[in-house]
Amino acid sequence: MKIEISERAQKWFEQEMGISGKKGVRFLGKVYGSSQIHEGFSVGLDVDEPVSPIAKAEYNGILYYVEDADDWFFNGYDLHVGFDEKQREPEYNFIAQNKEDK
Numbered sequence: 000m001k002i003e004i005s006e007r008a009q010k011w012f013e014q015e016m017g018i019s020g021k022k023g024v025r026f027l028g029k030v031y032g033s034s035q036i037h038e039g040f041s042v043g044l045d046v047d048e049p050v051s052p053i054a055k056a057e058y059n060g061i062l063y064y065v066e067d068a069d070d071w072f073f074n075g076y077d078l079h080v081g082f083d084e085k086q087r088e089p090e091y092n093f094i095a096q097n098k099e100d101k
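Under numbering that gives the first Met the number 0, the residues of the sequence shown are numbered 0 to 101, in order.
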């Protein structure tokens with residue numbers, strides 16, 4: 000799994016999430032809403048220290064990651080985080096992985 004964060008989304012996370020120290024932005028599956036890949040579940044965010052990440056990316060010194068416990072939600076997809084200018088918040092796009100990417 001790959002995680003990519005657009006520059007505009009990076010700025011939003013830096014300004015809104017208050018990240019410090021060894022903590023990073025954790026993406027997780029949460030009950031409520033919907034997503035491209037799961038009806039009734041959406042992407043949640045948490046500021047935490049990684050324990051057992053299955054994917055991670057670092058931008059401007061901030062770690063973005065998905066934990067092993069959330070593999071059920073992200074399995075088979077890469078996560079591309081953009082920014083919705085109208086809603087003024089991140090938007091999550093799931094790209095199906097090729098078998099070679101897994």
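All C-beta atoms, glycine included, are put in the ideal place defined by N, C-alpha and C.
Next item on the list: Could you name the residues of the same chain whose beta carbon sits closer than 6 Å to that of Phe12, not counting the 5 residues immediately before and after it, in chain order?
Entry: Val24
Item checked: Identity of the residue in Phe93, Pro52 and Gly20 nearest His79 by Cα -> Phe93
Item checked: Proximity to Arg87 [Cα-Cα], best of Glu3, Lys1, Ile4 and Ala8 -> Ala8
Notebook entry, point to check: Do you know how far the Cα of Gly43 is from the Cα of Phe26?
Noted result: 6 Å
Check: Between the Cα of Asp69 and the Cα atoms of Gln14, Glu3 and Gly28, which residue gives the shortest distance?
Finding: Gly28
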